[in-house]
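Worksheet for the structure shown next.
Number of protein chains: 2
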Amino acid sequence: MTASRIVLIVLDGIGDRPHPALRGATPLSAARTPVLDRLAREGITGIMDTIGPGIRPGSDTSHLALLGYPPRECYTGRGPLEAEGSGIRMRPGMVGFRANYATLDADGRVVDRRAGRIHGTEPLSKAIEEAVDLSRFGVRFQFVSGAGHRAALALEGEGLGDGVGSNDPKKEGAFPHEFEPLTGTEADAKTAAVLNEFVHQARQVLADHPVNRRRAGEGLLPANEVLIRGAGRMGEFQPFRERYGLAGAVVSAATLITGIGKVVGLDPIHVEGATGSIDSNIEGKVAAAIEALETHSFVLLNIKGADEAGHDGKAEQKRDFIVRVDAALAPFLDVTETVIAVMGDHSTPCTVKDHSADPVPVLVHGEGVRPDRVDRYDEFACAEGGLCRITGCDILPILLDLIDKAHKYGA
Amino acid sequence: MTASRIVLIVLDGIGDRPHPALRGATPLSAARTPVLDRLAREGITGIMDTIGPGIRPGSDTSHLALLGYPPRECYTGRGPLEAEGSGIRMRPGMVGFRANYATLDADGRVVDRRAGRIHGTEPLSKAIEEAVDLSRFGVRFQFVSGAGHRAALALEGEGLGDGVGSNDPKKEGAFPHEFEPLTGTEADAKTAAVLNEFVHQARQVLADHPVNRRRAGEGLLPANEVLIRGAGRMGEFQPFRERYGLAGAVVSAATLITGIGKVVGLDPIHVEGATGSIDSNIEGKVAAAIEALETHSFVLLNIKGADEAGHDGKAEQKRDFIVRVDAALAPFLDVTETVIAVMGDHSTPCTVKDHSADPVPVLVHGEGVRPDRVDRYDEFACAEGGLCRITGCDILPILLDLIDKAHKYGA
């Protein structure tokens, strides 16, 4: 029977390069992955440049592409997407930012850009929202906590630009920067001034906050500074349902991915214990995604841990996490009437410790696909697959065609 | 010796998906095709998205792409191409339409959208051309019969738009629609009014026509209505000879393909008994194409029947027709100094009964190609070929390169 639903499983940062510790294998090719291999054997495989050959994708631009929103047309920076994912309802024209709680020493130098990997910063963010006043600029703002040390800021008001730098010195031992406009426009100058004022007032709120007093008592680093980056003006995104005629949902622990899903109109689904790290509740996310397929024709499931291991350069850890992911995906083998697509959003080689432009392996499984001879889901095998080499923006149209939701161009 | 001629053989709708009645094979992969397999073995193969990955091509947009005319730049609707193919000399600015002869019952409801698959409607079209008068709109028109129940209409005059709907209710038992403008412009309103008047007058011509009186006497459905759709303004197409330096010809039973060939300046070659169906005189078309190579450096040969079987969902019939096509293509094995390219214009899976976005297999045979290890022309084998995955607009430049007619970009 023709499938009527799509699940897009993004194994974040899954792609890698040959690693000496794995005798030239990649973490994925070294991992025992019977579930993914069965999907590959029964389905069609290939490799994918999520943006284009040789272009290192961000997680934001790659996910936009995978959802069929060409990032060259609609990407305006990570800030507004993080802000949306953090729970701020971004309206077109608002300027959004990513933020970190950080620790300054007595001299004002950054001693920890993540404030001792603090958790539970909501009282701090609430205090900032209540106390900081930008009304003399005619600006309203929202400031909310994200996962761990992360937060998001959104500004709204007349004449705000989005061409501003960051106060984040990007290294410990340095003083935070002043915000500087990136152009000579009045609008960018205004945003820089607003941000300098925001940080100035926020410091005063944080300096004496009970949360920080308690942390000091426990020997923990205080969250006495806010570092802000990723300025971007919120754009307009054609709603997913209108664009494709499908109700969609997103299951992700990453604020950014949830935010991308939300800006295009996917329903975010919260999963208890989903952390975006290698200790995440993957089984719970898989169950939630399968449940979401009861009410949605499209589900984006992002599983983040492999990317983290790649950034940390831990090849064996990445391999072992992939084994866990594979086992957790087993329930998808019993899902019917569904096209299952598995891919990375980018490679995060353990030898690079950052995203690379190496294409990611992709597989598509379900009624109607033309199986190829590939019987293994990894970077080497999939390069011989029947999809050959596609780009990120190709995948959703290909999947829509399989569930008979593609439009004919011409007659 | 380097080839100096190109034959582009389009097996219309050849691509398919695995079919249960063929135990998971496609009609093409299930067919015995020694001729195509030999061309594949000696040549280079690949898969092709005629428009782009995941985009379902029309026959019109795909053939424009295969001829190297990017449809995004030059496609303006099927109507003007059908009209050209039906014998109307379309000039830039004219508005063209596809039409059907249909049957209305006494209440005015459509009882057959194809008037009992009537043939020989020329006297009806001639009578309409003579009697219908649109001069009060300042509009001239041509109305000519195509194959079977088909016809084409072209309007010419000041201030005519091409943004109009259709009077075709698309289902039997419903009343024909009034033509409606698709925008608020005066031009589209005028075209809608002209079409409503045309249909009104045409009905009066048809009601009492001897052809219909005779059909009534024979118990056949009368052709007492004209259904019109596919409005498009004729664009400008750089002549093929000017664009590529080649004299070209087209051999096709399909009015649309002949029309596309003619608008770009290919000489249409008529073949007796070529029907565009599975009973077509394929041998005659192959002979005509080979003969045309004596006087033309480029021949487009379209063989339509597989598409029809796909639309009808008949997998075995499609397979058997492909066997016949393969045998009919044998004379090409003796053609020299010629690059032979074989491809589909799109897939028409029997499980979908419509065009799909699945890529089509392509092979290129002739002096200079780099043979790959593929020895079989089908969807699975060609996906492993040396051309990898290309688009429709890529193929003609690749073929021109092989006959040394490509231009160097840069120095």
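Quick note, the sequences are listed as chains H and P, same order. Mapping of the first sequence onto the numbering used here: residues 1 to 411, in sequence order. Mapping of the second sequence onto the numbering used here: residues 1001 to 1411, in sequence order. By construction, the Cβ of each residue, glycine as well, lies at the ideal position given by its N, Cα and C atoms.
Simplified DSSP state of residue i, which is helix, strand or coil
| i | result |
| --- | --- |
| V111 (chain H) | strand |
| G1230 (chain P) | strand |
| E337 (chain H) | coil |
| F175 (chain H) | coil |
| G1310 (chain P) | helix |
| L1358 (chain P) | Here residue 1358 (chain P) is Asp; the residue named in the question, Leu, does not match the sequence. Coil, per DSSP. |
| I128 (chain H) | helix |
| F1298 (chain P) | strand |
| V1364 (chain P) | strand |
| R1117 (chain P) | coil |
| G1410 (chain P) | coil |
| L8 (chain H) | strand |
| V342 (chain H) | strand |
| E379 (chain H) | helix |
| V325 (chain H) | helix |
| F1332 (chain P) | helix |
| D208 (chain H) | coil |
| K318 (chain H) | helix |
| F237 (chain H) | coil |
Own chain partners of residue i with C-beta closer than 6 Å, once the 5 adjacent residues on each side are dropped
| i | result |
| --- | --- |
| P1349 (chain P) | D1016, R1017 and S1356 |
| V1205 (chain P) | A1127, I1128 and A1131 |
| D1024 (chain P) | The sequence as given places Gly at residue 1024 (chain P); Asp does not occur at that position. Only P1018 meet the Cβ criterion. |
| V211 (chain H) | P123 and L124 |
| G944 (chain P) | With chain P covering only 1001 through 1411, there is no way to say anything about residue 944 (chain P). |
| M94 (chain H) | A154, E156 and M234 |
| K353 (chain H) | H311 and G313 |
Counted within 10 angstroms of its Cβ, other Cβ atoms place residue i as buried (16 or more) or exposed
| i | result |
| --- | --- |
| G273 (chain H) | exposed |
| F1097 (chain P) | buried |
| T295 (chain H) | exposed |
| Q1142 (chain P) | buried |
| E1218 (chain P) | exposed |
| S1145 (chain P) | buried |
| R1089 (chain P) | exposed |
| S62 (chain H) | buried |
| S297 (chain H) | buried |
| Y1409 (chain P) | exposed |
| E1308 (chain P) | buried |
| A1202 (chain P) | buried |
| R215 (chain H) | buried |
| F175 (chain H) | exposed |
| K262 (chain H) | buried |
| R1319 (chain P) | buried |
| P1020 (chain P) | exposed |
Proximal residues to residue i (C-beta, below 8 Å), its chain only, five neighbours per side dropped
| i | result |
| --- | --- |
| D1394 (chain P) | M1048 |
| P70 (chain H) | L64 and C393 |
| S1280 (chain P) | A1253, G1273, A1274, I1303, K1304 and G1305 |
| Y1377 (chain P) | L1028, T1033, L1036, D1037, L1039, A1040, T1045, V1342, P1361 and L1363 |
| Q1412 (chain P) | This structure leaves residue 1412 (chain P) out entirely; chain P is present only between 1001 and 1411. |
| I1118 (chain P) | Y1101, G1148, H1149, R1215, L1220, L1221 and A1223 |
Neighbourhood of residue i by C-beta, 7 Å cutoff - its chain only, sequence neighbours within 5 removed
| i | result |
| --- | --- |
| A330 (chain H) | V35 |
| G1276 (chain P) | A1147, A1253, A1254 and K1304 |
| L134 (chain H) | F141, V194, E197 and F198 |
| G1079 (chain P) | G1096, F1097, R1098, G1230, A1231 and G1232 |
| C427 (chain H) | No statement about residue 427 (chain H) is possible, as the shown extent of chain H runs from 1 to 411 and does not include it. |
Any C-beta of chain B under 8 Å from that of residue i
| i | result |
| --- | --- |
| G410 (chain H) | No chain B appears in this structure, whose protein chains are H and P. |
Residue i CB to nearest heavy atom of the ligand ADP below 7 Å
| i | result |
| --- | --- |
| G1148 (chain P) | For the ligand ADP, the structure offers nothing, since it holds no ligand at all. |
Opposing strand residues paired with residue i [DSSP bridges]
| i | result |
| --- | --- |
| S347 (chain H) | H:I14 and H:S356 |
| K170 (chain H) | Paired residue(s): none; K170 (chain H) is not in a bridge. |
| T1391 (chain P) | P:D1049 |
| A249 (chain H) | H:D267 and H:V299 |
| L1104 (chain P) | P:V1110 |
| P1181 (chain P) | P:V1164 |
| E225 (chain H) | H:A102 |
Whole runs of the beta strand (DSSP E) within the region 258-292 of chain H, excluding any shorter than 3 residues: Taking only runs of at least 3 residues, no beta strand (DSSP E) segment lies wholly in the region 258-292 of chain H.
Threshold first: 3 residues or longer. Then list the beta strand (DSSP E) segments lying entirely within the region 1130-1166 of chain P, N to C. As far as the region 1130-1166 of chain P is concerned, its whole beta strand (DSSP E) runs of at least 3 residues are 1139-1145 and 1150-1157.
In chain order, which alpha helix (DSSP H) runs of at least 4 residues are fully inside the region 57-102 of chain H? Counting only runs of 4 or more, we get 59-66, 71-74 and 78-85.
Which complete beta strand (DSSP E) runs does the region 22-59 of chain H hold, if anything under 3 residues is left out? For the region 22-59 of chain H, whole beta strand (DSSP E) runs of length 3 or above, ordered along the chain, are 44-49.
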